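To start, the structure itself, in structure tokens.
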Amino acid sequence: DISARIAGDVQSAIDDAGVPWHVTNLGGRVEYMFSPDAPRNGTEALAARDNGMEVLLHAYFLNEGILLTPFHNMVLTCPASSHDDAAAHGRVFRSFLDWLEKNDARSP
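Be aware that the sequence shown starts at 3, since it is given in the numbering used here, and climbs by one per residue.
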């Protein structure tokens, strides 16, 4: 499953980088947020937002040719999504975390 591969790659990168973020996978949807746990309600979801980090993340991905949904950090897969697409997403996500570390820009 392509979305499970993306979620697994993202979780692995999060774990390796030691950032307090999490990833959720539901069907063809993968979403990651800047909190250690999945939010349980709208208030927690709002608290997990980091607008500056989202802008960086979206710009970084866009510069690598990957468009994330514009209103949060969500990846939507479809029947045309391939294992190559999933691998590219994982590489770019890991590269983004490396870039953050090198630039001392990781969120608290």
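Note that the Cβ used here is the ideal one computed from N, Cα and C, for glycine as well.
Given the structure is predicted, the values throughout are model-derived calculations rather than measurements.
Assuming the contact rule is C-beta atoms closer than 8 angstroms, residue i and residue j should be a hit. Round their C-beta distance to whole Å, please.
i, j, result
"residue 21", "residue 12", "That pair is no contact at about 11 angstroms."
"residue 75", "residue 56", "6 angstroms"
"residue 16", "residue 88", "Actually they do not touch by this definition, with Cβ atoms about 16 angstroms apart."
"residue 5", "residue 79", "5 angstroms"
"residue 90", "residue 68", "7 angstroms"
Who are the near neighbours of residue i in its chain, counting only those whose CB is closer than 8 angstroms to its CB and skipping five residues on each side?
i, result
"residue 49", "37, 41"
"residue 85", "4, 7"
If you drop the 5 nearest sequence neighbours on each side, which residues of the same chain put their C-beta closer than 7 angstroms to that of residue i?
i, result
"residue 105", "none"
"residue 66", "94"
Using DSSP bridges, identify the partner residues of residue i.
i, result
"residue 31", "28, 78"
If I measure Cβ to Cβ from residue i and keep anything under 6 angstroms in the same chain, skipping five residues before and after, which residues do I get?
i, result
"residue 110", "Confidence is the limiting factor: at residue 110 the pLDDT is only 47, short of 50, which leaves the residue's position unreliable, though a coordinate-based value still follows. For residue 110, where only same-chain residues beyond five positions count, there are no Cβ hits under 6 angstroms."
"residue 60", "70"
"residue 92", "11"
**OP:** Only counting runs of 4 or more residues, tell me where the alpha helix (DSSP H) segments fall wholly within the stretch 42-92, in order along the chain.
**Re:** 44-49, 53-65
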